[in-house]
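Enquirer: Structure below; questions to follow.
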Amino acid sequence: MGKTIAQKIIAAHLLSGDMTPGSEVALRIDQTLTQDATGTMAYLEFETMGIPRVKTELSIAYVDHNTLQCGFENGDDHRYLQSVAAKHGVYFSRPGNGICHQVHLERFGKPGKTLIGSDSHTPTGGGIGMLAFGAGGMDVAVAMGGGAYYITMPKMFKVNLTGKLRPYVTAKDVSLELLRILSVKGGVGAIIEWGGEGVSTLSVPERGTITNMGTELGATTSIFPSDEITRAFLAAQGREEDYVPLSSDPDAEYDRIIDIDLSSLKPMIACPHSPDNVVAVESLKEVKVDQVCIGSCTNSSLYDMLKVAAMLKGKTIHPSVSLSVSPGSRQVLTMLSDCGALSDILASGARVLECACGPCIGMGFSPNSGGVSLRTFNRNFLGRSGTKDGQVYLVSPETAVASALTGYITDPTTIVGPLNVTMPEKFLVNDSAVLPPVPAEEAENAPVLRGPNIKEFPKSKPFTDSLTAELVLKVGDNITTDHIMPAGAKVLPFRSNIPYMSKFCFEVCDPTFPDRAKAAGDGIIVGGSNYGQGSSREHAALVPMYLGIRCVIAKSFARIHIANLINAGILPVTFENPDDYDKLSQGAKLTISDIVSGMEQGRLTVTDGTGFQFHVVCNLTQRQRSILLAGGLLNYTKEGGI
Ligand code: MIC
Ligand code: SF4
């Protein structure tokens, strides 16, 4: 039987396991990336492993999430990252050089290679034909040390593209349309491959927008073929030698095929507070807009920015709208400036922000109370913007500009006149903001600079055969990592200080949770389906672990989060009968017995104080069981587990 693109790359990197969907496979990882908000933990974990130098082909540390440096914490973390990277053979992309996924696509991504990154949007690399996964920091640390990355072998979905996008309809609308069709759970357990004749009409940055938002579908990753468009992009970046062609075999089999006709798509918009709450832009034309933000790893390429500049040229934004534009990288910003497009953006009244994540992760630019904010980003989870009652909608750059000009949500296809942008044949290449590591022979004496904000790593407890714990929190479906461990300007500087961060855990759901969890000693959380969707931040597991959480019982889990829970030593189990969810109340004392044998059988019995008994499923591999019994991945690794 023929192979899909992903199956070919997996087969070429397979260290152990068989490639049947549902079974665990171990993969060799060629490249890793970290960003600052998850990176401090990842490098602290790497340091505890005692491996002097990374064993990958390329590892790189980006600083893009928190670049504000309000107070010493952030500056100290950047200095730690720079010094720890230099010492251990990791490249360092300085603050201001750009958003990790955008820069990686431009300068480092290679078709056919495997990449894991401590950021859930690492699959952006699929736009250039990489097999790229978002992962928790510990998994990235292990991969940097030469260890395998484990995934559950996914099913294969194909999106078959026909036709060509009409002017003002974009790759972002393709992503939003797929979210409308599949929902935020629709890609769980699958790799999404993009194919069909329509693929050749999409440039690499457009493909990157689409693979980026595969994360919002819950997909394991997303990937495009590597073709002449890929070759041209790499050549324009001065690295044609990195090109290899990649396509699926004609007889490759897919578990599901979804057809999208690009020519018939309309501009789409995701309404508050979920990326799959999608309708056509034209249906919301009465809605007044307060704020528009353009940028993020989804829509900050030169192509996006040139279209934005062309639409803004000679116009002034509506007086009641505040518009921010964050170019994705220093390369994008410099080229915008060199060709004069930056002046068109500035002259319109827009505010140009640093090349960083910025408003996407709540680092400034929070909307006014109840304000309507249109963003070209990928997530509009409750509270993520920093304004709890802010109404955040997700749109394409074209819809964003059209709306910034009129002051109302506006379908950009109603704009008269063509949108012509010409892409340069060559990108301006200047990697001066990427610092190489110190040579191996000097590394031993290279200092690692730590500030007082770096606190000790929390210790998890190994499991014994029985656990009695309080059900300290019961939450509903689609709980995101932004609910569990919010980000934003208040909290982000403390990503290496778990005790401080713990004060904000579940703040949007129940601000009393941290104190109650601490008082309870051992605790259990009960959740609905797709628990832990969103970010790869392992803080959403480490902080609950620090607060005493030993087990999460949910209807289902998101992929990266369940791995993070296991790595942190928290037992993740699902209801055998989802109706039992309704029978549980916050405050109940739950006992899980015969944990060791139950884990082996994949089924555990739970009783509450009143005599009510129910069963939970724990589908864990031998490796995962050993990690839990050791009290988390770090303990397991120290005991020689990798
Ligand atoms: C996000 O978009 O939520 C983030 C911030 O990039 C996270 C990583 C983090 O929490 O640091 C992600 O997507 O993994
Ligand atoms: Fe940064 Fe936003 Fe992309 Fe996350 S989704 S990496 S915060 S730009």
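Counting from -7, one number per residue, gives the positions in the sequence shown under my numbering.
Note that CB positions come from ideal geometry on N, CA and C, so glycine has one too.
Could you tell me if the beta carbon of Thr30 falls within a distance shorter than 6 Å of some heavy atom in ligand 1?
Expert: As a position in the sequence shown, residue 30 is number 38, starting the count at 1. Yes; taking the cut-off as 6 Å, the Cβ of Thr30 has a heavy atom of ligand 1 nearer than that.
Enquirer: Please say whether His93 and His113 have beta carbons closer to each other than 7 Å?
Expert: Position 121 of the sequence shown, counting from 1, holds the residue named residue 113. Position 101 of the sequence shown, counting from 1, holds the residue named residue 93. Remark: C-beta atoms of His113 and His93 approach each other more closely than 7 Å.
Enquirer: Once the 5 residues before and after Gly126 are set aside, which same chain residues still bring their CB inside 7 Å of it?
Expert: Position 134 of the sequence shown, counted from the first residue, corresponds to residue 126. Answer for Gly126: Gly109, Asp111, Ser112, His113, Thr114, Pro115, Thr207, Ser528 and Ile552, listed in chain order.
Enquirer: Check Pro570 in the structure and name its three-state DSSP category.
Expert: Along the sequence shown, read from residue 1 onward, the residue named residue 570 stands at position 578. Note: Pro570 maps to helix in three-state DSSP.
Enquirer: What I want to know is whether the C-beta of Asp381 ends up closer than 6 Å to one or more non-hydrogen atoms of ligand 1.
Expert: By 1-based counting over the sequence shown, the position of residue 381 is 389. Incorrect: Asp381 has no Cβ contact closer than 6 Å to ligand 1.
Enquirer: Tell me whether the region -5 to 2 and the region 235 to 255 touch, counting them as touching only if at least three CB pairs, one residue from each stretch, are closer than 8 Å.
Expert: Under the three-pair Cβ rule at 8 Å, the region -5 to 2 counts as touching the region 235 to 255.
Enquirer: Out of Asp10, Ala432 and Glu232, which one is the CA nearest neighbour of His80?
Expert: Locating residue 80 in the sequence shown gives position 88, where the first residue counts as 1. Taking only the C-alpha atoms, the option nearest His80 is Ala432.
Enquirer: Between Asp56 and chain B, is there a C-beta pair that is closer than 7 Å?
Expert: The structure shown has no chain B; it contains just one protein chain.
Enquirer: Would you say the beta carbon of Ile698 is closer than 6 Å to some non-hydrogen atom of ligand 1?
Expert: Outside the displayed range of the chain (-7 to 634) lies residue 698, so it cannot be described from this structure.
Enquirer: Return the first residue and the last residue of the alpha helix (DSSP H) that Thr368 is part of.
Expert: By 1-based counting over the sequence shown, the position of residue 368 is 376. From DSSP, Thr368 is part of no alpha helix (DSSP H); its letter is neither H nor E.
Enquirer: Taking 6 Å as the cut-off, is the CB of Ile91 close to at least one heavy atom of ligand 2?
Expert: Position 99 of the sequence shown, counted from the first residue, corresponds to residue 91. Yes, the beta carbon of Ile91 sits closer than 6 Å to at least one heavy atom of ligand 2.
Enquirer: Have a look at Asn569 and Asp282 and give me their C-alpha separation to the nearest angstrom.
Expert: Residue numbering aside, residue 569 sits at position 577 when the sequence shown is read from its first letter. Residue numbering aside, residue 282 sits at position 290 when the sequence shown is read from its first letter. Approximately 45 Å, taken between the alpha carbons.
Enquirer: Report, in whole angstroms, the separation of the C-beta atoms of Phe567 and Lys547, which I expect to be a contact under 8 Å.
Expert: Taking the first residue of the sequence shown as 1, we reach residue 567 at position 575. Taking the first residue of the sequence shown as 1, we reach residue 547 at position 555. Right, their Cβ atoms sit about 6 Å apart.
Enquirer: Using alpha carbons as the reference points, say which of Pro242, Thr154 and Ile562 lies closest to Met(-7).
Expert: Counting from 1 along the sequence shown, the entry for residue -7 is found at position 1. Out of Pro242, Thr154 and Ile562, Pro242 has the C-alpha closest to the C-alpha of Met(-7).
Enquirer: Tell me whether Asp56 counts as near ligand 1, meaning its Cβ is closer than 6 Å to at least one heavy atom of that ligand.
Expert: Against the sequence shown, residue 56 aligns to sequence position 64. Answer for Asp56: no, Cβ out of range of ligand 1.
Enquirer: Would the C-beta of Ser266 count as close to ligand 1, meaning under 6 Å from any of its heavy atoms?
Expert: The residue labelled residue 266 in the question sits at position 274 within the sequence shown. Flag unset: Cβ of Ser266 not near ligand 1.
Enquirer: Please state if the CB of Ser488 and the CB of Thr32 are separated by a distance shorter than 7 Å.
Expert: Locating residue 32 in the sequence shown gives position 40, counting from the first residue. Locating residue 488 in the sequence shown gives position 496, counting from the first residue. Yes, the Cβ-Cβ distance between Thr32 and Ser488 is below 7 Å.
Enquirer: Could you have a look at Gly119 and say whether DSSP puts it in helix, strand or coil?
Expert: Here residue 119 refers to the residue found at position 127 of the sequence shown. Reduced to three states, the DSSP call for Gly119 is helix.
Enquirer: Look at the Cβ atom of Glu185, then the Cβ atom of Lys150, and state whether they are nearer than 7 Å.
Expert: As a first step, residue 185 is located in the sequence shown; it is residue number 193 there, counting from the start. As a first step, residue 150 is located in the sequence shown; it is residue number 158 there, counting from the start. The answer is yes: Cβ separation under 7 Å.
Enquirer: Quick test of the definition: if touching needs 3 or more C-beta pairs under 8 Å, does the region 323 to 332 touch the region 255 to 275?
Expert: no
Enquirer: Give the list of continuous beta strand (DSSP E) stretches no shorter than 3 residues that lie fully inside the region 289 to 336.
Expert: With a minimum length of 3 residues, the unbroken runs of beta strand (DSSP E) contained wholly in the region 289 to 336 fall at 314 to 317.
Enquirer: Looking only at its own chain, which residues have a Cβ that is under 6 Å from the Cβ of Tyr538, when we skip the five neighbours before and after it?
Expert: Start at 1 with the first residue of the sequence shown, and residue 538 comes out as number 546. Pro450, Ile490 and Ser494, listed in sequence order.
Enquirer: Tell whether a beta-carbon distance below 7 Å holds between Leu441 and Ser75.
Expert: Indexing the sequence shown from 1 puts residue 441 at position 449. Indexing the sequence shown from 1 puts residue 75 at position 83. Yes, Cβ-Cβ distance for Leu441 and Ser75 is below 7 Å.
Enquirer: Could you check whether the Cβ of Asp111 sits closer than 6 Å to any heavy atom belonging to ligand 1?
Expert: In the sequence shown, residue 111 corresponds to position 119, counting from 1. Answer for Asp111: yes, Cβ within range of ligand 1.
Enquirer: If you reduce the DSSP assignment to three classes, tell me which class Met130 lands in.
Expert: Along the sequence shown, read from residue 1 onward, the residue named residue 130 stands at position 138. DSSP places Met130 in helix when its eight states are reduced to three.
Enquirer: Could you tell me how far apart the beta carbons of Leu209 and Val176 are, in whole angstroms, since I believe they sit closer than 8 Å?
Expert: Residue mapping note: residue 209 aligns to position 217 of the sequence shown, counting from 1. Residue mapping note: residue 176 aligns to position 184 of the sequence shown, counting from 1. Confirmed, about 7 Å.
Enquirer: If you follow the beta strand (DSSP E) that Gly515 is in, where does it begin and where does it stop?
Expert: For the purposes of this step, residue 515 is taken as the residue at position 523 of the sequence shown. Per DSSP, Gly515 belongs to the beta strand (DSSP E) from Gly515 to Val518.
Enquirer: Just to confirm, are Ile674 and Leu153 a CB contact at a threshold of 7 Å?
Expert: Nothing about residue 674 can be read from this structure; the chain reaches only from -7 to 634.
Enquirer: Within its chain, find whatever has a CB closer than 8 Å to the CB of Lys447; leave out the 5 residues flanking it on each side and keep chain order.
Expert: On the sequence shown, residue 447 is found 455 positions in, with the first residue counted as 1. The answer, listed in chain order, is Ser488, Asn489, Ile490, Pro491 and Tyr492.
Enquirer: Is Gln578 helix, strand or coil when you go by DSSP?
Expert: Locating residue 578 in the sequence shown gives position 586, where the first residue counts as 1. The answer is coil: DSSP assigns Gln578 none of H, G, I, E or B.
Enquirer: Going by DSSP, what residues sit across from Leu6 in a beta bridge?
Expert: Here residue 6 is taken as the residue at index 14 of the sequence shown, counted from 1. Leu19.
Enquirer: Look at the alpha carbon of Tyr160 and the alpha carbon of Thr201, and state the distance between them as a whole number of angstroms.
Expert: As a position in the sequence shown, residue 160 is number 168, starting the count at 1. As a position in the sequence shown, residue 201 is number 209, starting the count at 1. Cα to Cα, Tyr160 sits roughly 15 Å from Thr201.
Enquirer: With respect to the beta strand (DSSP E) encompassing Asn152, which residues constitute its N-terminal and C-terminal limits?
Expert: By 1-based counting over the sequence shown, the position of residue 152 is 160. Start and end: Lys147 to Thr154.
Enquirer: Measure from the alpha carbon of Gly119 to the alpha carbon of each residue in Ser293, Ile43, Gly399 and Leu276, then state which is nearest.
Expert: For the purposes of this step, residue 119 is taken as the residue at position 127 of the sequence shown. Checked all of Ser293, Ile43, Gly399 and Leu276; the closest Cα to Gly119 is Ser293.
Enquirer: Report whether the distance from the Cβ of Ser288 to the nearest heavy atom of ligand 2 is below 6 Å.
Expert: In the sequence shown, counting from the first residue as 1, residue 288 sits at position 296. With a cut-off of 6 Å, the C-beta of Ser288 is classified as near ligand 2, since at least one heavy atom of the ligand falls inside that distance.
Enquirer: Excluding sequence positions up to five away, which residues of its chain have a Cβ less than 6 Å from the Cβ of Ile584?
Expert: For the purposes of this step, residue 584 is taken as residue 592 along the sequence shown, with counting starting at 1. Taken in chain order, the residues that qualify are Leu459, Leu596 and Val598.
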